[in-house]
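A.B. asks: Residue numbers (my numbering): 1 to 378.
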């Protein structure tokens, strides 16, 4: 008996062709900040939006620099810098509305700050606090995720729920190139595709999964092409071009909210610093490589363009720089204030109804803590 294969043809082929990745990364500005000819189908963001992006990127970089300094001072246990990825981070925050949800990774602190979350609250979890330190429901932002790609499944599920409730909200899930090698990444894309969930998967391809270069992770033409296999919208963009990043992310949001299903966007960028403060990147990359990427600095790139267009001048740049220093001072002051310790917090959220052994441990901890306070006062 011969095997037969039934081929089911999609009646919506145009849907899969509408958002296929471009042959080359979408770009509006060259490495030196000069406009380049573009055949991209994306609308260039207006001048005021780009001025706001410049401000947010400058503030984001100063946030990053201050966090790195606090780590050297022992105020933070660890900090994963996103220096060089400002255009990706800020475009992610700026393309969203208040009702939308953001699912970040451990490296996306700039995006959280640009979304309006208190920068001190963002950093407290890295200082060893007991939870994410901000209200996810209030900010529509999930806690920063350390395990790779787990947040992508959560994002896909929430996006499906938002669609069923007809809230009109989109979901944006951030990840790095290393996360695309995890099973959770593929499960999230497949689930979102099947249920046509309004979720954007933004892959910040910064070249390395810790010390593993992209060439040892995938031989696909681009990471964006991985979306084609799931039948979802796919795009690749110059992640160090702020204009291109904002243009693509703006349209990606509209695309998913128009019922077209999810989108994967790959942003080609670079991690200028180490994986974390504990990493020595000189062991797996050259200084020349870093220097080459420093020449594509996204902030300088946008500043040159905005100055040429007459949208900012020395006075505005100085005002933003001053605001960034004020932000750094706020972060330092906030992180140098000790938070009151509540010993019961160690036990309060373990079980809905505490077990007898947990109550016993709680009583012992209270007694030990009281004894230590008494000894310190003496």
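All residues carry an ideal CB built from backbone N, CA and C; glycine is no exception. Bear in mind that the values here come from a model prediction, so they are computed numbers and not experimental data.
Scan the region 215 to 241 and note each continuous beta strand (DSSP E) run of 3 residues or more that stays entirely inside, going in chain order.
C.D. replies: As far as the region 215 to 241 is concerned, its whole beta strand (DSSP E) runs of at least 3 residues are 233 to 238.
A.B. asks: For residue 103, which of helix, strand or coil comes out of DSSP?
C.D. replies: In this structure, residue 103 counts as strand in the three-state DSSP scheme.
A.B. asks: Can you check which of these residues, 266, 291, 164, is closest to residue 177 by C-alpha distance?
C.D. replies: Of the listed residues, the one whose Cα sits closest to residue 177 is 266.
A.B. asks: If I measure Cβ to Cβ from residue 305 and keep anything under 6 Å in the same chain, skipping five residues before and after, which residues do I get?
C.D. replies: Cβ within range, chain order: 29, 33.
A.B. asks: Would you be able to state if there are at least three C-beta pairs under 8 Å between the region 191 to 209 and the region 257 to 265?
C.D. replies: Verdict: yes, contact present.
A.B. asks: Please classify residue 213: does DSSP put it in a helix, a strand, or coil?
C.D. replies: Strand at residue 213.
A.B. asks: Per the contact definition of three or more C-beta pairs closer than 8 Å, is the region 226 to 239 in contact with the region 63 to 76?
C.D. replies: The region 63 to 76 is not in contact with the region 226 to 239.
A.B. asks: What's the gap between the Cα of residue 232 and the Cα of residue 219?
C.D. replies: Using only the alpha carbons, I get a separation of about 20 Å.
A.B. asks: Along the alpha helix (DSSP H) that carries residue 139, what are the first and last residues, could you check?
C.D. replies: From DSSP, the alpha helix (DSSP H) with residue 139 extends over 136 to 139.
A.B. asks: Under the rule that 16 or more other beta-carbon atoms within 10 Å means buried, what is residue 188, buried or exposed?
C.D. replies: By the 10 Å Cβ count, residue 188 comes out buried.
A.B. asks: Report the option in 247, 127, 22 whose CA atom is closest to the CA atom of residue 335.
C.D. replies: With distances taken between Cα atoms, residue 335 lies closest to 127.
A.B. asks: Beta-carbon within less than 7 Å of residue 86's beta-carbon, same chain only, minus the 5 sequence neighbours each way: which residues are those?
C.D. replies: These residues qualify, in order along the chain: 57, 60, 61, 110, 298, 299.
A.B. asks: Please list, in chain order, all residues of the same chain as residue 81 whose beta carbon is under 7 Å from its beta carbon, the five residues on each side excluded.
C.D. replies: Closer than 7 Å at the Cβ level, and outside the excluded window around residue 81, lie 64, 68, 273.
A.B. asks: Just mark residue 312 as buried or exposed, buried being the case when its beta carbon has 16 or more other beta carbons within 10 Å.
C.D. replies: Buried.
A.B. asks: Please report the distance separating the alpha-carbon of residue 116 from that of residue 244.
C.D. replies: Taking the straight line from one Cα to the other gives about 23 Å.
A.B. asks: Exposed or buried, what is residue 270 when buried is set at 16 or more other beta-carbons lying within 10 Å of its beta-carbon?
C.D. replies: The residue in question, residue 270, is buried, as its Cβ has 16 or more Cβ neighbours within 10 Å.
A.B. asks: When the Cα atoms are used, what is the spatial distance from residue 101 to residue 328?
C.D. replies: Approximately 27 Å between the Cα atoms of the pair.
A.B. asks: DSSP state of residue 205, grouped into three classes?
C.D. replies: Reduced to three states, the DSSP call for residue 205 is strand.
A.B. asks: Give me the residue from 212, 51, 373, 43 with the minimum Cα distance to residue 340.
C.D. replies: Out of 212, 51, 373, 43, 373 has the C-alpha closest to the C-alpha of residue 340.
A.B. asks: Check each candidate in 131, 99, 286, 320 and name the one with the smallest Cα separation from residue 52.
C.D. replies: It is 320.
A.B. asks: Restricting to runs no shorter than 4 residues, where is the alpha helix (DSSP H) found entirely within the region 34 to 92?
C.D. replies: Within the region 34 to 92, the complete alpha helix (DSSP H) runs of at least 4 residues are 47 to 72.
A.B. asks: Helix or strand or just coil, what does DSSP make of residue 1?
C.D. replies: In this prediction, residue 1 scores a pLDDT of 39, lower than 50, which makes its location untrustworthy; the coordinate-derived value is nonetheless stated afterwards. Three-state DSSP puts residue 1 in coil, outside helix and strand.
A.B. asks: What does the Cβ neighbour count give for residue 1, buried or exposed, with the cut at 16 atoms within 10 Å?
C.D. replies: Note on residue 1: pLDDT 39, under 50, position unreliable in the model; the coordinate value appears next. Per the 10 Å Cβ criterion, exposed.
A.B. asks: Are the region 88 to 103 and the region 169 to 183 touching, with three or more C-beta to C-beta distances below 8 Å?
C.D. replies: Flag = yes, the region 88 to 103 and the region 169 to 183 touch.
A.B. asks: Quick check on the DSSP output: the beta strand (DSSP E) that includes residue 174 runs from which residue to which?
C.D. replies: Per DSSP, residue 174 belongs to the beta strand (DSSP E) from 171 to 176.
A.B. asks: Can you give me the C-alpha to C-alpha distance between residue 355 and residue 84, rounded to a whole angstrom?
C.D. replies: Answer to the nearest angstrom: the Cα atoms are 49 Å apart.
A.B. asks: Evaluate residue 131 with the Cβ neighbour count: other Cβ atoms within 10 Å of its Cβ, from every protein chain shown; 16 or more gives buried, anything less gives exposed.
C.D. replies: Residue 131 should be labelled exposed.
A.B. asks: Which residues bound the beta strand (DSSP E) around residue 182?
C.D. replies: Looking at the DSSP string, residue 182 is not in any beta strand (DSSP E), and its letter there is neither H nor E.
A.B. asks: Measure the CB-CB distance between residue 182 and residue 161 and report whether it falls below 8 Å.
C.D. replies: Cβ atoms of residue 182 and residue 161: not closer than 8 Å.
A.B. asks: Using DSSP bridges, identify the partner residues of residue 267.
C.D. replies: According to DSSP, residue 267 bridges with 204, 237.
A.B. asks: Return yes when the Cβ of residue 21 is within less than 8 Å of the Cβ of residue 296, no when it is not.
C.D. replies: Contact flag unset, no.
A.B. asks: From what residue to what residue does the alpha helix (DSSP H) around residue 160 run?
C.D. replies: Note, residue 160: alpha helix (DSSP H), 150 to 165.
A.B. asks: Is residue 370 buried or exposed, if buried means 16 or more other CB atoms sit within 10 Å of its CB?
C.D. replies: Exposed is the call here.
A.B. asks: Given a threshold of 16 other Cβ atoms within 10 Å of its Cβ, counted over all protein chains shown, does residue 98 qualify as buried or as exposed?
C.D. replies: It counts as exposed.
A.B. asks: Could you give the DSSP three-state label for residue 346: helix, strand or coil?
C.D. replies: Of the three classes helix, strand and coil, the one that applies to residue 346 here is helix, per DSSP.
A.B. asks: Tell me the DSSP secondary structure of residue 6 in three-state form.
C.D. replies: Note that residue 6 scores a pLDDT of 35, beneath 50, so its modelled location is shaky; the value from the coordinates is reported in the next line. DSSP places residue 6 in coil when its eight states are reduced to three.
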